[in-house]
Amino acid sequence: MKVLLKELLIPPFASRFVSSLATGIFGQGVPVFLLHRMSSAQPSGQAYSHGTSATHLRRCLQYLVDSDYTFISLEQLVTAIKEGTPLPERAVAFTMDDGFIDQAEIAAPIFLEYDCPLTFFVISGLLDQQLWPWDSKSSWIINNTKKSRLTLDFPDERLHIEIDDSNYRHNARELTRNYLKEVDATLIPALLEQLADDAGLVLPETPPDQCIAMDWNKARELEHKGIQFAPHSVTHRILSKLDRENAEKEILDSWHTLQRELENPLNLFCYPTGRILDFGPREVEILKNNGFIGAVSTIPGHIEPGKNALKRLYHLPRFELPSAMTDFIQYCSWIEHAKHADKN
């Protein structure tokens, strides 16, 4: 009943007329959406099958076009914050993290088709074809094991991972990643080897089909078509779990690689995993000292230029693109902004 009411009420309350009235009360909140992997119609053994579908992405972008929203780039948004300049009404921005081939071949053409700016935060080591990230490895193990239950021994506890069906498998991927996020980054390779061994698998030295990255030639091709690229670290290790030297190396080496490989990379950073505990004053200081104009997190929320946005330039919030259309409409609208207006 609650879901049905939401589906009935959210679209009319998010209409242009109601929004124009509500904006006068709550101000203008700009949502920045984050996408990760894209699903493919190919068999799951040959492609990633757990991400956003092309159909859903098109539906979201078409809704914004039909509802008189304005696509802006993340760079436009940051510039407006820094300079105190106004933005178009009903502005929306999009970003994509990591740099996998499905993102380049499925998502990027759709954004170009809709003339919608996209900022791509890429893991430089992934595009260098030197690695595949730890969180992709843990998901690959969960997706490919034939077992229905795994265990993973952390220094202070044993994690039991149930994988009886597709729902359990989804939960297992999330649970395992969340546990791995909390440990010292230097322990993760050994923990992944342990998990793979318990799963009856051997982690490939090179990324399997589901985890293939785009290369720099593809990135340059997309850059020439108008997509912007920015750094997302070298290896996707959580910065707060590293010492200062390695945290700084993750930030600066990824930035220098983008400067070398691309014509005009954007000096905005994206924190790996991006939760409030994954970065702090140390990382902000490194970014400021090296000329970065801001950084994005995965903390959900709207951005309201002209209010407290300057204080948030180095931890800008983003919404994960929701799978439910009603949720997407709500996040785009004043409704979600009003819920958190006192925090902006």
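Numbering (the working numbering), first residue to last: 3 to 346. Cβ coordinates follow ideal geometry from the N, Cα and C atoms, glycine included. All of these numbers come straight from a predicted model, not from anything done at the bench.
Cα-Cα separation, residue i to residue j
{"i": "Leu-194", "j": "Asn-145", "result": "14 Å"}
{"i": "Lys-341", "j": "Asp-104", "result": "34 Å"}
{"i": "Arg-277", "j": "Gln-64", "result": "30 Å"}
{"i": "Ile-331", "j": "Glu-338", "result": "9 Å"}
{"i": "Glu-285", "j": "Ser-150", "result": "40 Å"}
{"i": "Thr-237", "j": "Glu-265", "result": "22 Å"}
{"i": "Leu-154", "j": "Ser-140", "result": "11 Å"}
{"i": "Leu-268", "j": "Arg-262", "result": "13 Å"}
{"i": "Leu-241", "j": "Ser-235", "result": "9 Å"}
{"i": "Gly-163", "j": "Leu-37", "result": "The residue asked about is misnamed: residue 163 is Ile in this sequence, not Gly. Whole-angstrom Cα-Cα distance: 26 Å."}
{"i": "Leu-315", "j": "Gly-296", "result": "5 Å"}
{"i": "Phe-102", "j": "Glu-306", "result": "31 Å"}
{"i": "Asn-292", "j": "Phe-113", "result": "31 Å"}
Residue i: first and last residue of the uninterrupted beta strand (DSSP E) it sits in
{"i": "Ala-297", "result": "296-298"}
{"i": "Phe-122", "result": "121-124"}
{"i": "Thr-153", "result": "151-155"}
{"i": "Asp-100", "result": "93-100"}
{"i": "Glu-164", "result": "160-164"}
{"i": "Gln-131", "result": "Per DSSP, Gln-131 belongs to no beta strand (DSSP E) and is neither H nor E."}
For residue i, the nearest candidate out of the options (CA to CA)
{"i": "Thr-275", "options": "Met-98, Asn-266 and Ala-56", "result": "Met-98"}
{"i": "Leu-66", "options": "Gly-293, Ala-95 and Glu-164", "result": "Ala-95"}
{"i": "Phe-281", "options": "Ser-75, Ser-126, Glu-184 and Leu-129", "result": "Glu-184"}
{"i": "Leu-270", "options": "Ser-126, Ser-69, His-38 and Val-80", "result": "Val-80"}
{"i": "Arg-160", "options": "Lys-227, Leu-152 and Asp-167", "result": "Leu-152"}
Bridge partners - residue i, DSSP secondary structure assignment
{"i": "Met-216", "result": "Paired residues: none, contrary to the question."}
{"i": "Ile-305", "result": "Val-32"}
{"i": "Leu-37", "result": "Met-98"}
{"i": "Leu-318", "result": "Val-298"}
Residue range of the unbroken alpha helix (DSSP H) whose run includes residue i
{"i": "Leu-270", "result": "Note, Leu-270: premise wrong, no alpha helix (DSSP H); beta strand (DSSP E) at 270-272."}
{"i": "Ala-232", "result": "Unbroken run through Ala-232 is the beta strand (DSSP E), 230-233; no alpha helix (DSSP H)."}
{"i": "Pro-283", "result": "283-291"}
{"i": "Met-327", "result": "327-334"}
{"i": "Ile-67", "result": "A small fix is needed here, since residue 67 is Val in this sequence, not Ile. It spans 56-68 - the alpha helix (DSSP H) in which Val-67 sits, taken as one unbroken run."}
{"i": "Leu-194", "result": "190-200"}
Buried or exposed (CB count within 10 angstroms, at least 16 for buried), residue i
{"i": "Asp-100", "result": "buried"}
{"i": "Ala-93", "result": "buried"}
{"i": "Ser-325", "result": "exposed"}
{"i": "Ala-192", "result": "exposed"}
{"i": "His-304", "result": "buried"}
{"i": "Arg-175", "result": "buried"}
{"i": "Glu-252", "result": "buried"}
{"i": "Gly-47", "result": "Here Gly-47 scores only 41 on pLDDT, less than 50, and its place in the model should not be relied on; the value that follows carries that caveat. Exposed, since its Cβ has fewer than 16 Cβ neighbours within 10 Å."}
Interface flag, residue i vs chain D, CB-CB below 8 Å
{"i": "His-339", "result": "Considering every chain present, this structure includes no chain D. It has just one protein chain."}
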